[in-house]
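Residue numbers (this note's numbering), protein chains in the order written: chain C, 1 to 254; chain A, 255 to 634.
Contents: one structure, followed by commentary.
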Amino acid sequence: MVLHSEVPEDRARGTEDHRSGSSAAETAVYCRGVTKEFGTGEAKVRALRGIDVHIPYGRMTLLVGPSGCGKTTLISIMAGLLDPTAGEVSLLGCDLRSLSGSRLVQFRAENIGFVFQQYNLLPSLTAVENAAVPLIIRGVRRSLAIERAMALMTEVGLRERAQALPAQLSGGQQQRVAIARALVHEPRLLVCDEPTAALDAQSGRTVMNLIRRVTVRSDRAVIVVTHDSRVFDLGDRIIAMSDGLIDNHQREAP
Amino acid sequence: MNWLAWKMLTGDRTKYLGIVFGVAFGTLLIAQQASIFVGLMRRTSSQIIDITSADIWVMDQRQRNVDDIRPMPDSRLGRVRGVTGVEWAVRLSKSMIRVRTLAGDFTQAILVGVDDGSFTGAPLEMLQGQHSDLRRPDGVILDFDGYRQLFPGEPVRVGRVLDMNDRRAVVVGICRVTPPFQTFPVIYTRYSQAVQFMPPQRNTLSFILAKAEPGRQPQELSQRISQQTGLKALTWDEFFWLNIGYYIENTGIPVNFGITVTLGFIVGGAIAGQTFYLFTLENLRQFGSLKAMGVTNLRLIGMILLQASIVGIMGYGIGLGASALFFELTERSGQADLRGMWVPWQVAVIAAGAVGLIIVLSSLLSLRRVLVLEPAMVFR
Ligand SMILES: Nc1ncnc2c1ncn2[C@@H]1O[C@H](COP(=O)(O)OP(=O)(O)O)[C@@H](O)[C@H]1O
Ligand SMILES: [Mg+2]
């Protein structure tokens, strides 16, 4: 497994990629005219009102915007957890509409890693067992899965706490376990929804740095939703949203 | 995935044990009460169960069960013996009698008069003495539980004297019997002697016990005896079930036990089902993140069914074990009330069916919630 550990190198390459322009081969997720409506009639909410966006491999894209603007809805659609009401979504070269039911579930199991705001670790599994779950879901033998998860635990700096239960870990540590879990099956798309929102400023910064350091690689796209302006500087690219639309003046990392 | 399901289930120990307890409680109540019901029903037929050497029971046409005695004249014996295919036929009398011990205590007892020559109808399991001791003057065989009732706290030994209808009787043997429905002492004596003990009456013959010649079907012979004698002739099986059917139809026993068993099912099912459902609700987020991470609905169904089966099997095992232990302990305590009762395999199967139903119902409830779960909920 190739993990990039030196931030400057990463950033440099990310900017380079951008300069060379983004072609279809470099686009991990591509959305065109995506809308999403919840409910009907009076109670209808238009969460997304026509999104055109592409997410490139090899970089960390931040998705920012005020609460309720549709960030979570958009990444849910990008990760194949939610169907759009209208529009076109291409995920890692697959048209989402062509993947249905259990094939979509299988697709998620193989290609996507998740980091949630609430960590969502299984409370009765140890940290390293939690990190091994995506491999176990894919049918990897438990001992082998845990061995590989252990490598990730080292990567996120929690080797010593590998046998602890989630309840015995701090919030920041739990989120680091969640990051190990999100990476253990080497997904091509990593989706993080407000990974620092439940953490204090310092652990939030640590977690963001960690995501920056260990997740980005050339064959993987990383999307991080956040509304924490203090970490904006860590992204290669920032997409701002408001009221169900992408803001026009997108900012690329310097 | 099985490992994950197991870890999730046992992670919350309180709930896990609560569900197992609910299933065990339901199983215990169902198995124990149903077994007592079966045991009581068998007891109504205890006198039939204990006489295995005869194929056919012959009695008055109007008789509806083993206790509803309608004495026949002794001459009926000859008629039965006259039917072709009967190898042998002997007399048996059964009546209630008032017994007094030397200490002066009165009690009701069941008096069985067995064939003078062959002792057919005499108890199979002798603890002290033997059948031939019945030839001694005034000799009777008393059952063990009856002995303890008549001579409480005294050493169990032959030679004790009873008073039956102002006639002296000597205990020459102690036996074990299938406890009767009403826990009266059972006293065996020769037919000719039993007649002496009974209050004077015109007829004393309760049953004629008959054996089919080798190679003859008891079923067919009993029909022939009925036709030729005008008496009711039944095979052992027929009489056993006629008797039990009578008690089931004409007493409140099945209803009473039915209510308890139903309550066990409902209460155990409610505890187990509700806790299992609660367990699922509390883990909804975990199921949701598994779903997001790529676990198909089919595998989630498998996980929930596995979890339900684990608690079902454990609870069933504990409940059935506790029922068996209950009967084992009552047996050892020497209490006559539930002696000779056990959990029949049929009851174990029925309890398993009830547990299966509880498991299926509770997992259906849980499955409904998990299957409609939006995986996107994990971001909320
Ligand atoms: N399942 C849902 N049902 C109804 N409305 C929803 C649902 N999910 C999101 N919404 C609405 O869609 C809008 C966008 O929500 P969301 O994507 O969660 O915003 P953000 O993540 O940017 O805070 C909000 O108005 C929210 O109330
Ligand atoms: Mg959100």
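Each residue gets a CB set at the ideal place from its N, CA and C atoms; glycine is no exception.
Note that the coordinates shown come from a computational prediction; the quantities given were computed from them, not determined experimentally.
- For C/R141, the closest Cβ of chain A is not nearer than 8 Å.
- When Cβ-Cβ separations below 8 Å define contact, C/V64 makes no contact with chain A.
- Here the distance from the Cβ of C/T72 to the nearest heavy atom of ligand 2 is below 7 Å.
- In the assembly as shown, A/N497 is a buried residue. Its beta-carbon has 16 or more other beta-carbons within 10 Å.
- In the three-state scheme derived from DSSP, where H, G and I count as helix and E and B as strand, A/P406 is classed as coil.
- A straight line joining the alpha-carbon of C/G172 with that of C/G204 spans about 7 Å.
- Of all alpha-carbon atoms in A/L583, A/L294, A/A524 and A/G265, the one lying nearest the alpha-carbon of A/V614 is that of A/A524.
- Residue environment analysis places A/W311 among the buried positions, since at least 16 neighbouring C-beta atoms fall within 10 angstroms of its C-beta.
- Spatial neighbours of C/A149 in its own chain (CB-CB distance under 6 Å, excluding positions within 5 residues in sequence) are listed in chain order as V128, A131, A132 and V184.
- Between ligand 1 and the CB of C/C94, the shortest heavy atom gap is not smaller than 7 Å.
- A Cβ of chain C is located within less than 8 Å of the beta carbon of A/M262.
- Checking the 7 Å criterion, the Cβ of C/C69 is within range of a heavy atom belonging to ligand 1.
- The C-beta distance from A/G518 to A/L283 rounds to 3 Å, short enough to meet the 8 Å contact threshold.
- Taking C-alpha positions only, A/P391 is separated from A/T306 by approximately 27 Å.
- CA-CA distance, C/L158 to C/V177, rounds to 8 Å.
- Beyond the five residues adjoining it in sequence on each side, C/I137 comes within less than 7 Å, by CB distance, of A109 in the same chain, given in chain order.
- DSSP places C/F114 inside the beta strand (DSSP E), whose first and last residues are I112 to V115.
- Inclusion of C/V29 and C/H54 in the CB contact set at 8 Å is warranted, their separation being smaller than that value.
- Against chain C, the beta carbon of A/T550 has neighbours under 9 Å at G101, S102, V105, Q106 and A109, listed in chain order.
- Looking only at A/D420, A/S300 and A/Q384, the smallest Cα-Cα distance to A/G358 is reached by A/D420.
- Taking 8 Å as the threshold, the shortest C-beta distance from C/V133 to chain A falls below it.
- The alpha-carbon separation between A/R354 and A/I507 amounts to approximately 31 Å.
- The C-beta distance from C/A162 to C/G113 rounds to 19 Å, too long to meet the 8 Å contact threshold.
- CA-CA distance, A/P453 to A/G607, rounds to 52 Å.
- Fewer than three Cβ pairs drawn from the stretch 529-542 of chain A and the stretch 287-304 of chain A lie within less than 8 Å of each other, which leaves the two stretches out of contact.
- Beta bridge pairing from DSSP links C/H54 with C/Y30.
- Following the DSSP letters along the chain, one finds A/S347 inside the beta strand (DSSP E) bounded by residues V340 to T355.
- Closest in alpha carbon position to A/L459, among A/S476, A/A343, A/G407 and A/Q382, is A/A343.
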